[in-house]
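With positions in the sequence shown counted from 1, the corresponding number in this note's numbering is that position plus 3. For glycine and all other residues, C-beta sits at the position ideal for the given N, C-alpha and C. Bear in mind the structure is a predicted one, so any value in this text is a computation, not a measurement. Contents: one structure, followed by commentary.
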Amino acid sequence: MKIHVQYDNVMYIKVDGDSLVILQCYTCRLQSGVAPKVVKAGLRCIVSNQDAWYLDHLNVSWLKFYMNEPLTNITDTYEQSLVIGGEVCMWGETVDPSDIEQTIWPRAAAAA
Numbered sequence: 004m005k006i007h008v009q010y011d012n013v014m015y016i017k018v019d020g021d022s023l024v025i026l027q028c029y030t031c032r033l034q035s036g037v038a039p040k041v042v043k044a045g046l047r048c049i050v051s052n053q054d055a056w057y058l059d060h061l062n063v064s065w066l067k068f069y070m071n072e073p074l075t076n077i078t079d080t081y082e083q084s085l086v087i088g089g090e091v092c093m094w095g096e097t098v099d100p101s102d103i104e105q106t107i108w109p110r111a112a113a114a115a
């Protein structure tokens, strides 16, 4: 079986019967309701909303990381089961070896 992990902007893709599609929902808060729409369509998702769980967004506090909830606005228990979990993301445009540790911690630990 093939497993495809794609960004949520490809929500309406077609795959063959031997494939599983998992959508990484990175626009969850920016485009209200993306993760709920993904699971309502019967697709699995990983929540990594860029307004709370992007490590290179240095203006986001560890407290916001900690308080972020992947199941926000998903109340149906079956749809909640389609959410694999959350993921913090680190993009390399704003870091180098001299500051990567300070950029990742403690905010990534707060998401765990």
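Bridge partner(s) assigned by DSSP for residue i
i     : result
Gly95 : Looking at the DSSP assignment, Gly95 forms no beta bridge with any residue, so it has no partner.
Pairwise C-alpha distance: residue j and residue i
i      : j      : result
Gln105 : Tyr29  : 23 Å
Asp79  : Leu61  : 34 Å
Thr97  : Cys48  : 27 Å
Phe68  : Gly88  : 14 Å
Val63  : Ala44  : 31 Å
Ser51  : Lys40  : 15 Å
Leu74  : Ile103 : 29 Å
Presumed contact (8 Å Cβ cut-off) between residue i and residue j, rounded CB distance
i      : j      : result
Met71  : Ala115 : A small fix is needed here, since residue 71 is Asn in this sequence, not Met. With a Cβ gap of about 12 Å, Asn71 and Ala115 do not count as contacting.
Trp108 : Asp59  : With a Cβ gap of about 14 Å, Trp108 and Asp59 do not count as contacting.
Residue i - containing alpha helix (DSSP H), residue span
i      : result
Val42  : 37 to 43
Ala112 : 110 to 114
Heavy atom of the ligand ZN within 7 Å of residue i beta-carbon
i     : result
Ala55 : With respect to small molecules bound, the structure shown includes none, and the ligand ZN cannot be examined in it.
| field | Any alpha helix (DSSP H) of 4 or more consecutive residues that is wholly inside the region 69 to 93 | value | 80 to 84
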